Structures are given as structure tokens and as C-alpha cells.
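Chemist:
Chains as they are written, first to last, in this note's numbering: chain A, 1 to 108; chain B, 109 to 224.
(1) If the cut is a Cβ gap below 8 Å, which residues of chain B does residue 44 (chain A) touch?
(2) Shorter than 8 Å from the beta carbon of residue 141 (chain B) to some beta carbon of chain A?
(3) Report the residues of the stretch 163-186 of chain B with a CB closer than 8 Å to any CB of chain A, ordered along the chain.
(4) Would you please verify whether the beta carbon of residue 1 (chain A) is less than 8 Å from any beta carbon of chain B?
(5) Taking residue 77 (chain A) and residue 93 (chain A) to be in contact with their CB atoms under 8 Å, please state how far apart those CB atoms are, rounded to whole angstroms.
(6) Taking only the alpha-carbon atoms, compute the straight-line gap between residue 65 (chain A) and residue 189 (chain B) and give it to the nearest angstrom.
(7) Note the first and the last residue of the continuous beta strand (DSSP E) segment covering residue 127 (chain B).
(8) Is the shortest distance between the beta-carbon of residue 212 (chain B) and the beta-carbons of chain A less than 8 Å?
(9) Taking the C-alpha atoms as reference points, what is the distance between residue 177 (chain B) and residue 133 (chain B)?
(10) At 8 Å on the CB atoms, spell out the chain B contacts of residue 59 (chain A), in chain order.
(11) List the DSSP bridge partners of residue 67 (chain A).
(12) Helix or strand or just coil, what does DSSP make of residue 84 (chain A)?
(13) What residues from the stretch 77-89 of chain A come within 7 Å of chain B, judged by C-beta to C-beta, listed N to C?
(14) Taking just the CA atoms, how far does residue 28 (chain A) sit from residue 71 (chain A)?
(15) Could you check whether the stretch 23-41 of chain A touches the stretch 84-102 of chain A, counting it as contact only if at least three pairs of C-beta atoms, one from each stretch, sit closer than 8 Å?
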């Protein structure tokens, strides 16, 4: 079993939709949770990170961590075609431990 | 400013060939990481340097993989006697912080290795 599991998708939504991306993790000792965005043929770039449980909002993006269920979510409001990319959840144990990635396509 | 750069961007090797992949981290960054990303998968950790010291090489899949960072800046990942299962994108990331501390890892664009 991988330490971080992620719905692989692909996910296709119309422009303006609310997108929900989800991951689960196995080790309750994990404290930091990150979301990375990776465009085709590019390296991952950090979108946002949260510490422990709770929500964090940045513009159209909201990251949520529920430590009781070991569940990580990223919500994208008013999705745009430019949001089309692969989204990777990750946790930190010195090194980054990534989920499989979810490929998102936002259609105009 | 300049980000993390990697070269070559694409490499095709015949099975059994040796390859060397280069990473130029952001100037002054202490930490340097190598990750391997197979098609349709998330990146997986290979090895970590703090300055010139290789502190963690637990992710290297076999003794055919070797990494170095002799002067604490540029790093090279070498793969000897390449096999088809080595085909992947190899990502380099650097960070201004030491491992164990939360600090953004900045990724390069990766080197896409195809072994025929």
C-alpha cells in the first residue's frame, strides 16, 4: 500500500465548475500536506500547503485536511481552462511523498 | 531569477548504455533532491544532498544508479547499463532549507529518458 493514495482520474469538467480533488494517506504522523500542479512536460510547482488539520484558502483554491479520516482535499472554484494540468498531493517526511496525480481537463 | 535547470531535456539510450543527467539548482540552495517519475505516476524520491553530502540514497532502485554533488552546487545522476524499466522523467528539485524543515522545493523541468 502506498503511503499517499490519489484518485488517478482523468477528470474532465466544464469551465466554471467546482472541482474536488482528493487523497488519502496512511501514516498519522504526517503533519504537512501539499498540493502541486504539473503542466505537461514541466516540473511540479507548489500551489499551497497546510499544517495539521483545517482549511487554507488562496484565491480560487482551498486545501482541506481531515486528520481524523486521513483525507486531503483540494477544491478549485470557477475552474478555468488554464487550470488544466495534473494535480499531485504530497506529504513531507524530509523528502516529498507524492500521490499518483489526477489529470484535470477544464473544457471551455 | 533563474530557476532549476536540467540537461539534457530528452535522452534516448540503447539498453546497456550509461547516461549522465545534470541538474543546476537555484544558486545558494543547500538541499538538492532527485525524483523519478514514471508515466502516469507521481514523482518518487531517489536521493538527497545537503551541500555536497549525500545524506539519503534510500530511493535509488539499484546499484546502477549513482548521484554526486562534489562542490555542493551542480549535481549529476548517472545510470549505468540502462534498462527499459529506467525509462522515466528524472526531476531535480532544490530548496533553501535543510531536510526536515518545511521549505518549498523548486523543481526543474526534468529529463525524459527513453531506453530502447
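Beta carbons are placed, not taken as given, at the ideal position from N, Cα and C, and that holds for glycine. None of the values given here were measured: they were computed from a predicted structure.
Modeler: By the coordinates alone:
(1) 151, 199 and 215
(2) yes
(3) 164 and 167
(4) no
(5) Not confirmed; about 31 Å, so no contact.
(6) 43 Å
(7) 127-132
(8) yes
(9) 11 Å
(10) None at all; the shortest Cβ gap to chain B is about 18 Å.
(11) For residue 67 (chain A), which the question treats as bridged, DSSP gives no partner whatsoever.
(12) coil
(13) 88
(14) 11 Å
(15) yes
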